[in-house]
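Note sheet for the following structure.
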Amino acid sequence: MTTKGVKFKDNVPVGDPVEMARRYYEDGADEIVFYDITASAESRKIVIDLVDRVAREIFIPLTVGGGIKSLEEMREVLLAGAEKVSINTAAVKNPRLIYEGAKAFGSQSIVLGMDVLYVGESERIPSGYEVWINGGRTPTGIDALWWAKEAERLGAGEICLNSIDADGTQQGYELRITRMISEAVSIPVVASGGAGHPEHLYEVLTTGKADAALIASMVHYGQYTIREIKQYLAQKGVKVREIW
Amino acid sequence: MVAILDYEAGNLTSVKRALDFLGFKSFITSDPEEVLRAERLIFPGVGAAGKAMEHLRQKGLDEALREFFLSGRPMLGICLGIQIIFEKSQEGPTQTLGFLKGKVVRFPEPLFDKQGERLKVPQMGWNRVRPVKAHRLFEGIDPRHEFYFVHSFYPEPEQEEIILGITEYGIEFPSAIAHGNLWAVQFHPEKSGRPGLRVLENFCRFNP
C-alpha cells in the first residue's frame, strides 16, 4: 500500500503501489522512488516482491529505500530490479556502508537519503539544519551540510534530501538547504518534501539548484498530473523530458 | 535466443526483464561457449573499464566476443559495452577490445551547458540522441525522445561514418554507433521507457 503523511506523521493509505507506479510511468515520470516507511524485516520481503513486479513492466529507473542496512539487503533490492538503493539511518550509524555499497555496486547505485530539520544555526550545527534518523524521529546532532559532503566523499552517487519541516505540507520545498547542499557537492541532489504546486518544482530546480524534484502528495491525490507539471516547467524554460 | 553477457560489470537483470517484456527469449551467461552458440548477443555493463576487461580476459570472454563479432551475428553493447569495443580507454588507462578504431575519454571538467550552468559528472539522467544518420536502430523513434544515461566516459571513434547519434552534455559526443553487425549505445535502453524498449526490439529484429 502506498501511504502519505504530513511532516512524517499520520500516514494514510493512498493506493496500490504497482498500479500507481504504472500510472506515473505512463504519465511521464522520469524515475520512481519507493520508500518502505515501516521498514521491518517482514515488510522488506513485500517491498522486494513489489519491486520485482514493478520492474517487469516499468522500464525507468527505480530507487528503493527504507530500513536497508547491509550489503546483502542492497543486493536483494538491486537484483529485484531497482537501479538504486537509498540508505539513510543505517548510513548515519555506519558510514562505511556507503563506501562498501559504492565499491560493491558502483556509486551510481547508492543514494544517501537525508531527513533534515531546521534547528537554528549553532556551533554544532553551522548550517542550521540537523540530520534526523529513524523516519524523522531521532535527532543525531549531525550537521546536514557536513553529512552531505561526507557521504559524497564516501562514495554516494546521489543525495535525496528530504525536509521534515516541508514534508506533506504542499507549501513548497525547503529551498535554502537544498541550494546549500547542491552547491557544496558535485553529485545530483534530489529535492523532496513540500511540493504542492508546479511552481514549487520550478523554484527548487532554479533557486534551489536541485538536479531533480521528487513529488508525492500532489500527484497521489490527483491534484495534478505529471504531464501538467512538466508542461508548466517546459513553459518556464526548464529542460524536461517532454515526450516518452 | 539472445545471450546477455555477464562479465561481472553490474546488474543484468533489467536487460533480461526488458527482453522478457518484449517477448524475446534470452539467457544470462558468462560461458564463452554459450556465448558462441547464441544467435545474438547483448553486452551491457556499468563500472570501470579496467575491471571489466580483467574479468573478460580471465574467462576467455574477450576472445569469445571477438569471434562473435567476426562471425557477423548481431551484437549490441550497452553503456560500458560501447566503451570496451574501442582500442583504449582513458579510464585506468585500459587496453580494450579494439574491434573499432578509436578511444574512450572522460568528460572534460568543469563542464557547462549553453546557459553557463555547471554540469555534473557523471551524467546521470535523461537526454536526447540526435540522429545523424538513418538507421534501423532508431526505427520508430522520434528525435525528441530521451534516453537514460549514467556515465563519465564516452567514445571517440576514428571512423566518423559509424556514428549514428550525437548527445549534447556540455560537449557533443557519439551516443549511438553501428558498424555492420555491431551496434552500441551509451545510454541504457532497458531503463529508457518505451523508446528504449524500441531500440532493444529493433536490435532483436535485426538480421544483418
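The listed protein sequences derive, respectively, from chains A and B.
Number 19 in this note's numbering belongs to position 19 of the first sequence; there are no gaps in the numbering.
Number 1126 in this note's numbering belongs to position 126 of the second sequence; there are no gaps in the numbering.
For each residue, glycine too, the CB sits at the ideal point set by N, CA and C.
query, result
"DSSP-derived helix/strand/coil call for residue 114/A", "strand"
"Option in 1181/B, 1189/B, 1103/B and 1206/B with minimal Cα separation from residue 1173/B", "1103/B"
"Interface flag, residue 106/A vs chain B, CB-CB below 8 Å", "yes"
"Inter-residue spacing [alpha-carbon to alpha-carbon] between residue 58/A and residue 11/A", "26 Å"
"Cβ pair residue 201/A, residue 213/A closer than 8 Å", "yes"
"Where residue 196/A sits in the DSSP three-state scheme", "coil"
"Contact set between residue 1190/B and chain A, taken where Cβ atoms lie within less than 9 Å", "59"
"Residues that residue 1142/B contacts on chain A, provided the C-beta gap is smaller than 8 Å", "243"
"Where the beta strand (DSSP E) containing residue 1183/B begins and where it ends", "1182-1185"
"Boundaries of the alpha helix (DSSP H) in which residue 1081/B is found, first to last residue", "1080-1083"
"Closer than 8 Å to chain A by CB, residue 1011/B", "yes"
"Selection from 27/A, 130/A and 1/A that minimises the alpha carbon distance to residue 227/A", "27/A"
"Length at least 4, wholly inside the segment 162-206 of chain A: the alpha helix (DSSP H) runs in chain order", "175-184 and 198-206"
"Interface partners of residue 81/A on chain B, CB under 8 Å", "1013, 1014 and 1017"
"Any chain A beta carbon closer than 8 Å to residue 1124/B", "yes"
"Beta carbon proximity, residue 1197/B to chain A, threshold 8 Å", "yes"
"Expected contact under 8 Å - CB spacing of residue 1129/B and residue 1176/B to nearest Å", "6 Å"
"Cutoff 6 Å; reference residue 224/A; Cβ partners in own chain excluding five residues on either side", "218"
"Where the beta strand (DSSP E) through residue 10/A begins and ends", "9-15"
"contact_flag[the segment 173-182 of chain A, the segment 2-22 of chain A] where n(CB pairs < 8 Å) is 3 or more", "no"
"Continuous alpha helix (DSSP H) stretch holding residue 1205/B: start and end", "It is not in any alpha helix (DSSP H) - residue 1205/B carries neither H nor E in the DSSP assignment."
"Complete runs of the alpha helix (DSSP H) confined to the segment 1009-1043 of chain B [at least 4 residues]", "1013-1022 and 1032-1037"
"Where residue 1001/B sits in the DSSP three-state scheme", "coil"
"Where residue 108/A sits in the DSSP three-state scheme", "helix"
"Chain B contact for residue 186/A (CB, 8 Å cutoff)", "yes"
"Within-8 Å CB hit, residue 963/B to chain A", "In the structure displayed, chain B extends from 1001 to 1208; residue 963/B sits before or after that span and is not available."
"Rounded distance between the beta-carbons of residue 1005/B and residue 1041/B, thought under 8 Å", "6 Å"
"The segment 1110-1117 of chain B in contact with the segment 1068-1077 of chain B per 3-pair CB rule at 8 Å", "no"
"Proximity below 8 Å, CB of residue 187/A to CB of residue 152/A", "yes"
"Other residues of its chain near residue 138/A: CB distance less than 7 Å, five sequence neighbours each side excluded", "132"
"Neighbour flag for residue 154/A against chain B, beta carbons, 8 Å", "no"
"Neighbouring residues, chain A, relative to residue 1047/B (Cβ below 8 Å)", "106"
"Every unbroken alpha helix (DSSP H) inside the segment 64-103 of chain A [4 residues or more]", "71-79 and 89-93"
"Alpha-carbon spacing of residue 45/A relative to residue 91/A, whole angstroms", "21 Å"
"Nearest candidate by alpha-carbon position, reference residue 1047/B, set 21/A, 105/A and 9/A", "105/A"
"DSSP bridge partner residues for residue 213/A (one or two, in chain order)", "191/A"
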